[in-house]
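Enquirer: Heads up: the sequence shown begins at 908 in my numbering, then just goes up one per residue.
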Amino acid sequence: MKQGDVVGILGHNGAGKSTLLKIISRITMPSKGCIHLRGRISSLLEVGTGFHPELTGKENIYMNGTILGMSKREIDGKFDEIVEFSGVEKFLYTPVKRYSSGMQVRLAFAVAAHLEPEVLVVDEVLAVGDLSFQKKCLGKMEHVASSGRTVLFVSHNMAAIESLCSRGILLRDGGVVVDSDIASAVSHYREMSSPSAQGASCSQSSIIRSVEVVDESGEPTQYIPAGTDFTVRLSICPESQLRSPQIGIAINSISGERMMTLHTPLSSDVIGNIASPCKVQCRVSQFPLAPGAYSLIAAIAIGGESLARIEDVCRFDVIDADLFGEGRGHLRGRCVAPSTWSVEQ
């Protein structure tokens, strides 16, 4: 990797992403081969990594800077920025062991990004933080990258990977499958996705047997182009007749934030009674959520009494799309909405 490269490390769980970053960060020794490093490396891997739990937040800032080879004067110059970015100013003199996992991540990222390393290594640990802080971190990584420093980023959020990185390395079983521009790497990653991840059987419920996202031809899919029609299909097997059931589907971001709720009482469609196994479909025209990773919650109730509820049963990605035939754009924000424009003079 060259100076200034912004590289996304892709791969399913167990592919070797975190192990690679630990080797680069000198936490784990390689079983064979070697890595040549030049410059200061700052890493944000697991929650609490690099912190001494008995030391205060302030003491840990100075300890990390010293480990990176910075002088006290250099750390002094960055101290206020680190504290402001992390938002833990009220707890600077509290031992880190008393911090919540979110506070530890905020301080750890602030330290890693502001102490001017030549190489910044960030793992999926950002998922611990809230959505606003994740966006703040991505903005800071863009700033670090634009200043000519090298960034290595692991995430399952393909929208974040595509917006930040210019190069992608796809791993499988500890080996490199693809090393290319980020668009090609993400495309290969999506092709590798197991069909079993597209629709999931539901051991949590005897009534809701499966939940899946399907494409326009009715086939299970894990990828929905932004702004296209979106369909969720539930397989229901009632133990007895369900009289006018209320069926709900919630869509959460990968960080757990509720993005959308779809509920039969909010629709003019009448479900009626369900007495035998069937498939229930919920369709949303021009699905409005922006590119990113999402998961589903499905629930059934009668008269306000819950009969079945399953969480995080099906994950899917909304991907960038050429909505209006003007070229594929990078869509930002939480929603994609059709709009009309006019000029008045």
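Glycine residues also receive a C-beta, built at the ideal position from the N, C-alpha and C atoms.
Just how far apart, CA to CA, sit S1007 and T963?
Expert: Going from the Cα of S1007 to the Cα of T963 covers about 13 Å.
Enquirer: Report yes if the C-beta distance between V1225 and I1131 is below 8 Å; otherwise report no.
Expert: Contact flag set, yes.
Enquirer: Which same chain residues, not among the five before or five after G918, have their C-beta less than 7 Å away from its C-beta?
Expert: Closer than 7 Å at the Cβ level, and outside the excluded window around G918, lie K924, L1077, L1078, R1079.
Enquirer: Helix, strand or coil: how does DSSP classify V1028 here?
Expert: DSSP places V1028 in strand when its eight states are reduced to three.
Enquirer: From Y1247 to Y1201, what distance separates their C-alpha atoms?
Expert: The amino acid occupying residue 1247 in the given sequence is Thr; Tyr does not appear at that position. The alpha-carbon atoms of T1247 and Y1201 are separated by roughly 28 Å.
Enquirer: Short of 8 Å in beta carbon distance, which residues of its chain neighbour E1146, apart from the five on each side in sequence? Order them along the chain.
Expert: Correct list, in chain order: S1113, I1114.
Enquirer: Hey, how far is the Cα of M1065 from the Cα of G1199?
Expert: Approximately 6 Å, taken between the alpha carbons.
Enquirer: Spatial neighbours of Q1148 within its chain, please: C-beta separation below 8 Å, excluding the five flanking residues on both sides.
Expert: Here the set comprises N1180, I1181, A1182.
Enquirer: Quick check: what's the CA-CA separation for T1057 versus I982?
Expert: Whole-angstrom Cα-Cα distance: 21 Å.
Enquirer: Are the stretch 1016-1032 and the stretch 998-1006 touching by the rule of at least three beta carbon pairs closer than 8 Å?
Expert: At 8 Å Cβ cutoff, the stretches do not touch.
Enquirer: Excluding the 5 residues flanking A1244 on each side, which residues of the same chain have their C-beta closer than 8 Å to its C-beta?
Expert: Hits under 8 Å: P1195.
Enquirer: Is the beta carbon of L1027 closer than 8 Å to that of S949?
Expert: A contact, by the Cβ cut-off of 8 Å.
Enquirer: In whole angstroms, what separates the C-alpha of A1205 from that of E996?
Expert: Rounded to the nearest angstrom, the two C-alpha atoms are 40 Å apart.
Enquirer: Name the one or two DSSP bridge partners that G1199 has.
Expert: In the DSSP output, where bridge partners are listed per residue, G1199 has V1225.
Enquirer: I need the boundaries of the alpha helix (DSSP H) containing V1085, first residue and last residue.
Expert: Not the alpha helix (DSSP H): V1085 falls in the beta strand (DSSP E), residues 1082-1088.
Enquirer: If you compare alpha carbons, which of G957, L1014, E1025, V914 is closest to R947?
Expert: For R947, the nearest C-alpha among the options comes from E1025.
Enquirer: Tell me the rounded alpha-carbon separation between P1102 and V914.
Expert: In this prediction, P1102 scores a pLDDT of 43, lower than 50, which makes its location untrustworthy; the coordinate-derived value is nonetheless stated afterwards. So the two alpha carbons sit approximately 27 Å from each other.
Enquirer: Between the Cα of Q910 and those of S1073, T1001, V1139, spot the shortest distance and give me the residue it belongs to.
Expert: For the residues S1073, T1001, V1139, the minimum Cα distance to Q910 belongs to S1073.
Enquirer: Please classify L1214: does DSSP put it in a helix, a strand, or coil?
Expert: L1214 falls in the strand class under three-state DSSP.
Enquirer: Measure the CB-CB distance between H1095 and V1084 and report whether it falls below 8 Å.
Expert: Yes, Cβ-Cβ distance for H1095 and V1084 is below 8 Å.
Enquirer: Just curious, the alpha helix (DSSP H) that F986 is in, first and last residue?
Expert: Counting along the chain, the alpha helix (DSSP H) containing F986 begins and ends at 979-993.
Enquirer: Can you tell me the Cα-Cα spacing of R1013 and Y969, whole angstroms?
Expert: Distance between the alpha carbons of R1013 and Y969: 16 Å.
Enquirer: With the cut-off set at 8 Å, would you say S1142 and R1116 are in Cβ contact?
Expert: Contact flag set, yes.
Enquirer: The beta strand (DSSP E) with G1155 in it runs from where to where?
Expert: 1153-1160 is the span of the beta strand (DSSP E), which, as asked, contains G1155.
Enquirer: Between the alpha carbons of D1227 and D1136, how many angstroms are there, rounded?
Expert: If I take the Cα positions, the gap works out to 14 Å.
Enquirer: Identify every residue that forms a DSSP beta bridge with A1208.
Expert: A1208 pairs with Q1153, S1213.
Enquirer: Excluding five sequence neighbours on each side, which residues of the same chain lie with their C-beta closer than 6 Å to the C-beta of C1189?
Expert: These residues qualify, in order along the chain: V1139, I1156, L1169.
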